[in-house]
Amino acid sequence: MEIKRDLYLNKLIRKKNNGLIKIVTGVRRCGKSYLLFNLFHNHLLEEGVEEDHIIEVALDDRSNKELRDPDNMLKFVKERIVDKETYYIILDEVQLLDEFEDVLNSFLHIRNADIYVTGSNSKFLSSDLITEFRGRGDEIRIYTLSFREFVSVYDGSLDEAWDEYFNYGGLPLILSMETVEDKVEYLTSLFQKVYLSDIVERNKVRNKDELDELVDILASAIGSLTNPSKLAKTFKSVKGKVISDKTLKTYIDYLIDAFLISKAKRFDIKGKRYIGSPAKYYFEDIGLRNARLNFRQVEITHIMENIIYNELRIRGYKVDVGLVEHYSTGKDGKRQKKQLEVDFVATKGSEKYYIQSAFAMNNEEKIAQEQRSLVHISDSFKKIIIVADNIKVRRNEEGITTMGLRNFLLDENSLNI
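Structure below.
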């Protein structure tokens, strides 16, 4: 089964031979290796590149353990470059290579080398590494499968595909598993034995139980505004534990660095400025989130919101939580200031969209509730409400577009309908 990941493959093709190190990042098991070793490799062959001009090393393969030594790696690559044609160097899980910054900088001095690396930790793009490369690194961020990608290879009806995706997410290997037991075991084991163990080992976390419990709390509250201070109070009241704000912030940063969760900051739409905490946190893959809670809290409203957030990020948008200040007159005749929330402010270059996620709008009161924040935005950028039902796209007199969730997810141009 070949999963076409054209969005990312086309990015690699556009960035070919641009003089920069292409750094493919994303959560482990999301398909980085498949993208480079299969899809991109096949593209190079189709373009006429000779097989011996593609130098590939999977550093997480124990048979390549000797190549984790920087001198051995340099020798290995240089011995294979024997003419002036372009050589494509592809290194998987490059964080396992000792002194990898120095090795990659050495590769940059090879004029006929085009370099591609993968890594599972966003520290690759830390200020230290950016300084080291002096602008010579180019990130390609890869996500787990979008619903559109998932449907393209799923063997079943659209309804069945949605049920699978809604429950088990978009990690590619899920598509090859037939039983519920296999999917549950895979996601649960992956989260605990790979992701969290990796975080604990890499960051030398002393109290693994605290990290475990924080993940559970965040998984239970996707789409809710929170901050380390609120989380500390939750730990004290629910868990009976005292944990500092600083420690919780550090743990959250670890989870973000490992691409397990993502943070959506609050943005004052009228004031055009970011507001401090609280913020919202979403899981990079909804199946991992569900597995973390043993598939107990599978609420359509929160999961739908998380999936919309992820889809917007896959499409390349920066996604914030919008805030609109609105003044109204109370029953006592006094003016009152209210803060209304817009679920998502999606921005990419000159594009901007205000988006509400609404499970259903089956009465006038609910319609008014979902539209309230949008009608108080005075600029001309598009305002959209996404509902769970399969409906025809419609637009009202206020210029607010309403569309169904599947329409939004399956049509990559849905925001411009």
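Going by my numbering, the sequence shown opens with residue 16, and the numbers climb by one from there. Cβ coordinates follow ideal geometry from the N, Cα and C atoms, glycine included. Predicted model only: the values in this text are computed from it and were never measured.
| Check | Outcome |
| --- | --- |
| Where S135 sits in the DSSP three-state scheme | coil |
| Per DSSP, cross-strand counterpart(s) of T417 | I400 and R409 |
| Cβ shell of E385 (< 8 Å), same chain only, five flanking positions each side left out | Q371, A373, M376 and I400 |
| Chain-order list of residues whose beta-carbon lies under 6 Å from that of R95 (same chain, five-residue window excluded) | I70 |
| Same chain, Cβ closer than 6 Å to V215, neighbours up to 5 away in sequence not counted | K223 |
| Own chain, CB closer than 6 Å to D283, minus 5 neighbours either side, in chain order | I290 and L338 |
| Three-way DSSP call (helix, strand, coil) for S212 in this model | helix |
| Close beta carbons around V454, own chain, < 7 Å, minus the five adjacent residues each side | With the chain running from 16 to 432 in the structure shown, residue 454 is simply not present. |
| Distance between T241 and K280 (C-alpha atoms, nearest Å) | 11 Å |
| Endpoints, the alpha helix (DSSP H) within which I323 is located | I315 to I329 |
| V166 versus Y103, H391, M16 and R409, residue with shortest Cα-Cα distance | M16 |
| Residue environment, T416, which counts as buried when at least 16 other CB atoms sit within 10 Å | buried |
| Sequence-distant residues of the same chain with beta carbon closer than 7 Å to Y368, five excluded per side | A361, F396, K397, I399 and L430 |
| DSSP-derived helix/strand/coil call for Q207 | helix |
| The segment 337-357 in contact with the segment 308-323 per 3-pair CB rule at 8 Å | no |
| Of the residues K352, R156 and Y201, the one placed nearest V132, counting alpha carbons only | R156 |
| For F282, the first and last residue of its enclosing beta strand (DSSP E) | I276 to D283 |
| Bridge-paired residues (DSSP) for Y296 | K278 |
| DSSP three-state assignment for K287, whether helix, strand or coil | coil |
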